[in-house]
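Asker: Below you will find the structure I want to go over with you.
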Amino acid sequence: MIDGFREAFSLIIGGDSQLVEIVLLSLRVSGIALFISTVIGIPLGALLGLARFRGRRLSVALVYTGMAFPPVVIGLFVYLMLSRSGVLGSLNLPWIPRLFTPEAMIVAQVIIAFPLVAGFTMAAVQGVDPALRLQVQALGASRWQTTWAILDEARVGVIAAVVAGFGGIISEVGAVMLVGGNIANQTRVLTTAIVLETNKGNFGLAMALGVILLSMAFTTNFIILRLQGRSFDE
Amino acid sequence: MSVLYSLRDVTVRYGSRSVLAVNELDIHAGEVLAIVGPSGAGKSTLLRLLNFLQPPTTGALTFEGMTFSPGRDVPLAVRRRVTTVFQRPVLLKRTVESNVAYGLRLRGQRDSAAAIDATLEDVGLGGLAKQPARTLSGGEAQRVALARAMILRPDALLLDEPTANLDPYNVGLIEQIVARLNREHGTTIVLVTHNVYQARRLAQRVLFLLDGREIEVADTHTFFEAPKDPRTGAFVRGEMVY
Ligand SMILES: Nc1ncnc2c1ncn2[C@@H]1O[C@H](COP(=O)(O)OP(=O)(O)OP(=O)(O)O)[C@@H](O)[C@H]1O
Ligand SMILES: [Mg+2]
């Protein structure tokens, strides 16, 4: 155990090249996936929370289902779609990612994260005082400005929605293992590397990866809390 | 006097319940019109119509010759000529200053620091510019809401109980501001108030609403001294039983 920690720290401090590569890939895959999920999830959440339209109830039910969906099942689904004989994989189109690539992992992570972002955003905007909408309209807000004002009032909750999305994918193993394949130097990310190194008995390396994963989660949450804190202070 | 708003056979219904039914009402450009009536009479509902925040269920609302009937969207440029200070002010989670700047920012105006300071000074809140709005007292919040509306220099300013939470000194202050806006800028003011003395002090005409119906509208003197409808007199004297 102690040895593990020692090895972990020497690897981290030494800037082990394999380690650096794994960290960067994790950040790239989850970062891009989170960006896409945010771009889809926040407008979708705002729409579901604020607008009244046919099919809204069904959409809300689908988003809630997505939030509670086991990631590994999403991984399986993406696997089946993208595999050579799958519905999408067999089309062989250039913009459809192939299995066992970082892009396939991004697809899976987007499907995991965007319902989380949308669902929590919806809850956040629904928590805003309904009288605010009339108030900003009375002050001359257009439809977009009204939506923006409501999102801005709900910003603490909207930020939490993005955090939830990030938390849901950065620490996820099953789906990235299935669609990424944990190929060294190509699709090996922190979580899948931890599983592998633990199985191989390389506890030091596994521990180092775990420490990095933890501190990444901590740092992002810390930055986000700071952002929230600033809006509390206003 | 030219007519700014005219309402014809306007009704508002929620489900099967009719909360407003105004057969004929004109609001003149440049006047101060007070609306009085018991709780639930439909006063706030009428203000929402006048600010184009909700369409009438039936009937037509004409603003400067443009007629808006149910199902017709009111252009943003028209809505921006009117604003409301609501009965319960809702401030944004920002500083006092940026609350007051909000309506101007929506219109793309940015360099308005001087106007903001002057307006806050007007409502007696000169020292509070940087304070977070959610930490204000009820009366301070109400005055910020008034400052935020009047800085827009609207053609029509709709006030829903603007002095409900204020002490006598601040009531006097707000009344002076309202009278000055009307006198110096010709702003049309529609003032909902539970205080008949305030109506008397500020308004040129008074409208009495009861159960969503216009019982009487008359110039202030006639309204208080020689009302046509006996219910008006009873209401003014506080003898009305609902
Ligand atoms: N969205 C709504 N749905 C159903 N009923 C409503 C709605 N809004 C208002 N009402 C009803 O319409 C009636 C008129 O309401 P309004 O707010 O206009 O009254 P008011 O004259 O402003 O009263 P107060 O002096 O208490 O502010 C009330 O009985 C109210 O319950
Ligand atoms: Mg009211």
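Protein chains in written order, with the numbering used here: chain A, 1 to 234; chain B, 235 to 476.
From the three backbone atoms N, C-alpha and C, an ideal C-beta is built for every residue, glycine too.
(1) Which residues, taken in chain order from the stretch 318-334 of chain B, show a beta carbon closer than 7 Å to some beta carbon of chain A?
(2) Are the CB atoms of P323(B) and A375(B) nearer to each other than 8 Å?
(3) If we cut at 8 Å on Cβ distances, does R313(B) have a partner in chain A?
(4) What are the boundary residues of the beta strand (DSSP E) that includes A452(B)?
(5) T317(B) and L391(B): beta carbons closer than 8 Å?
(6) Tell me the DSSP secondary structure of H419(B) in three-state form.
(7) From G4(A) to V173(A), what distance separates their C-alpha atoms?
(8) Closer than 9 Å by beta-carbon distance: list the chain B residues that pair up with L227(A), in chain order.
(9) If you measure from the beta carbon of S142(A) to each beta carbon in chain B, is any gap under 8 Å?
(10) Kindly give me the distance between the Cβ atoms of T292(B) and T353(B), rounded to whole angstroms, as I take these residues to be in contact under 8 Å.
(11) So, are the CB atoms of M122(A) and G45(A) less than 8 Å apart?
(12) I need the residues with a C-beta less than 6 Å from some heavy atom of ligand 2; please give them in chain order.
(13) Name the residue from N333(B), L400(B), D445(B) whose alpha carbon lies nearest to the alpha carbon of R251(B).
(14) Any C-beta of chain A sitting closer than 8 Å to the C-beta of L287(B)?
(15) So, do the stretch 99-114 of chain A and the stretch 208-228 of chain A have three or more beta carbon pairs nearer to each other than 8 Å?
(16) Does DSSP put E234(A) in a helix, a strand or coil?
(17) Can you list the residues of chain A that G361(B) reaches, using a CB-CB cut of under 7 Å?
(18) Which term fits F218(A), buried or exposed, when burial requires 16 or more other beta carbons within 10 angstroms of its beta carbon?
(19) If contact is defined by three or more beta carbon pairs under 8 Å, each pair taking one atom from either stretch, is the stretch 284-299 of chain B in contact with the stretch 122-140 of chain A?
(20) For L132(A), would you say it is in contact with chain B, using Cβ-to-Cβ distances shorter than 8 Å as the test?
(21) May I ask you to check if the CB of Y431(B) is nearer than 7 Å to at least one heavy atom of ligand 1?
(22) Anything in chain B within Cβ reach of Q135(A), meaning under 7 Å, just list it in chain order.
(23) So, under 8 Å CB-CB, A268(B) and L425(B) are touching, yes? Tell me the CB distance rounded to an integer number of Å.
(24) What is the DSSP secondary structure of R56(A), counted as helix, strand or coil?
(25) Go ahead and label D307(B) buried or exposed: buried means 16 or more other beta carbons lie within 10 angstroms of its beta carbon, across all protein chains shown.
(26) Between the alpha carbons of G373(B) and D394(B), how many angstroms are there, rounded?
(27) Does the Cβ of Y403(B) have 16 or more other Cβ atoms within 10 Å, making it buried, or fewer, making it exposed?
(28) In this structure, how does DSSP classify G85(A) when only helix, strand and coil are distinguished?
(29) Kindly indicate which three-state DSSP category R247(B) falls into: helix, strand or coil?
(30) Rounded to whole angstroms, how far is the Cβ of T198(A) from the Cβ of A208(A), which I believe are closer than 8 Å?
(31) Nearest to D129(A) by CA position, among S278(B), A433(B), K327(B), L436(B), is which residue?
(32) List, in order along the chain, the chain A residues whose C-beta lies closer than 8 Å to that of L310(B)?
(33) My guess is that L93(A) and S83(A) are in contact by the Cβ rule of under 8 Å, so how many angstroms apart are they, rounded?
(34) Output the distance between the C-alpha atoms of T421(B) and L116(A), rounded to the nearest integer angstrom.
(35) Strictly below 9 Å CB to CB, what residues from chain B border E153(A)?
(36) From T191(A), V162(A), N185(A), A141(A), pick the residue whose C-alpha is nearest to that of V312(B); which is it?
Answerer: With the given structure in hand:
(1) T318, F320, R322, V324, L326, K327, R328, T329
(2) yes
(3) yes
(4) 447-453
(5) yes
(6) helix
(7) 22 Å
(8) In chain order: nothing, as chain B lies at least about 14 Å away.
(9) yes
(10) With 8 Å as the limit, T292(B) and T353(B) do not qualify as a contact, their Cβ atoms being about 39 Å apart.
(11) yes
(12) K277(B), S278(B), Q321(B), D394(B)
(13) D445(B)
(14) yes
(15) no
(16) A caution first: E234(A) carries a pLDDT of 44, below 50, which makes its placement in the model too unreliable to give a value.
(17) Simply none; closest approach about 18 Å.
(18) exposed
(19) yes
(20) yes
(21) no
(22) F320, V324
(23) 5 Å
(24) helix
(25) exposed
(26) 14 Å
(27) exposed
(28) The question names Gly, but residue 85(A) is Ser in the sequence shown. Note: S85(A) maps to coil in three-state DSSP.
(29) strand
(30) Not confirmed; about 12 Å, so no contact.
(31) K327(B)
(32) G140, S142
(33) With 8 Å as the limit, L93(A) and S83(A) do not qualify as a contact, their Cβ atoms being about 15 Å apart.
(34) 49 Å
(35) L326, K327
(36) A141(A)
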